[in-house]
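For reference, the structure discussed in these notes is given below.
Numbering (full-length UniProt numbering), first residue to last: 1 to 124.
So this is what it looks like as structure tokens:
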């Protein structure tokens, strides 16, 4: 069997709000949820499971690879919501996108405070 990424648990203060944010951002349908998780299903069966742990949430970084058309729609949604975004992870180029690695990309913080990166070309 090949090694593939299957799922991750993303800590948040409001699992349903976070799951809704990602579903709306990436234009995804509802996914079955169970137990303490609000689930978002990505392509290839990758599952994002949002949970509300009883601990302080530490910021994590999550990067998503999308096509050029979805990239433009995601950026428009971030702009419409008034969410600050940057072209760089150092947060010096506010309100810009980058053209690294032959594609486009930008960074922002999701509702739980995690650093999110959206790119159109993989790094490798």
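We put the beta carbon where it would ideally sit given N, CA and C, even for glycine. These numbers come from a predicted model, not from an experiment.
One Cα belongs to residue 17, the other to residue 118, and the distance between them is close to 20 Å. The C-beta separation of residue 107 from residue 89 comes to about 6 Å, placing the pair in contact by the 8 Å criterion. Distance from the CA atom of residue 101 to the CA atom of residue 120, rounded to whole angstroms, is 9 Å. Here residue 39 is bridged, per DSSP, to 49. Comparing C-alpha distances from residue 31 to each of 49, 93, 14 shows the shortest one belongs to 49. Relative to residue 55, the option among 10, 104, 73 whose CA is nearest is 10. When only Cα atoms are considered, residue 46 and residue 7 end up about 5 Å apart.
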